[in-house]
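Visitor: This is the structure I have questions about; it appears just below.
In our numbering, the protein residues as written are 5 to 117.
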């Protein structure tokens, strides 16, 4: 398993995800979204893994771009906005090869073991 955790430093769900993998002694690579973001290939792999851009957006944020994206139909425009502003991504994004999850999803991660 090659686990990557994309998260934010102050996100409690990111810390819970790190603890989940530490407790099971599964090695992972942590990438700070606020500082480094995602490369274009990683972003495309995560989009395919989570099942589209709508599953990657943190709809609970009170941000003008999130409010505007609720009314957009063009997925490519949403992808561009999310890629340029990674603070709008639901964290943690956990990636295992071609598989990915957005948010805290231990029930899915147990299937990866």
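Yeah, the Cβ is synthetic: ideal placement off N, Cα and C, and Gly gets one too.
In whole angstroms, give me the CA-to-CA distance for residue 12 and residue 97.
Guide: Translated into positions along the chain shown, residue 12 becomes position 8. Translated into positions along the chain shown, residue 97 becomes position 93. Going from the Cα of residue 12 to the Cα of residue 97 covers about 10 Å.
Visitor: Between the Cα of residue 63 and those of 18, 106 and 9, spot the shortest distance and give me the residue it belongs to.
Guide: On the chain shown, residue 63 is found 59 positions in, with the first residue counted as 1. Of the candidates 18, 106 and 9, the one whose C-alpha sits nearest the C-alpha of residue 63 is 106.
Visitor: Using the rule of at least 16 other Cβ atoms within 10 Å of the residue's Cβ for burial, across every protein chain shown, is residue 104 buried or exposed?
Guide: Within the chain shown, the letter at position 100 stands for residue 104. Per the 10 Å Cβ criterion, buried.
Visitor: Identify the residues that DSSP records as bridge partners of residue 100: which are they?
Guide: On the chain shown, position 96 is the one that residue 100 refers to. Its beta-bridge partners are 7 and 103.
Visitor: Got a sec? Which residues, its chain only, sit under 8 Å from residue 117 by beta carbon, not counting five neighbours each side?
Guide: As a first step, residue 117 must be located in the chain shown, where it is residue number 113. So the qualifying residues of the chain are 5, 28 and 30.
Visitor: For the alpha helix (DSSP H) containing residue 38, name the first residue and the last one.
Guide: On the chain shown, residue 38 is found 34 positions in, with the first residue counted as 1. Premise fails: residue 38 is in no alpha helix (DSSP H) and is neither H nor E.
Visitor: Ignore the nearest five residues each way along the sequence and tell me which others in residue 112's own chain have a CB closer than 6 Å to its CB.
Guide: As a first step, residue 112 is located in the chain shown; it is residue number 108 there, counting from the start. Correct list, in chain order: 105.
Visitor: Using CA coordinates, which residue listed in 36, 46, 56 and 44 is at the minimum distance from residue 91?
Guide: Locating residue 91 in the chain shown gives position 87, counting from the first residue. Of 36, 46, 56 and 44, the residue nearest in Cα terms is 36.
Visitor: Would you call the region 37–45 and the region 61–78 in contact, with 3 or more CB pairs under 8 Å?
Guide: no
Visitor: Go to residue 23, then tell me how far its alpha helix (DSSP H) extends in each direction, as first and last residue.
Guide: In the chain shown, counting from the first residue as 1, residue 23 sits at position 19. That run of the alpha helix (DSSP H) goes 16–27.
Visitor: Using a threshold of 8 Å, state whether the C-beta atoms of residue 17 and residue 95 are closer than that.
Guide: As a first step, residue 17 is located in the chain shown; it is residue number 13 there, counting from the start. As a first step, residue 95 is located in the chain shown; it is residue number 91 there, counting from the start. A contact, by the Cβ cut-off of 8 Å.
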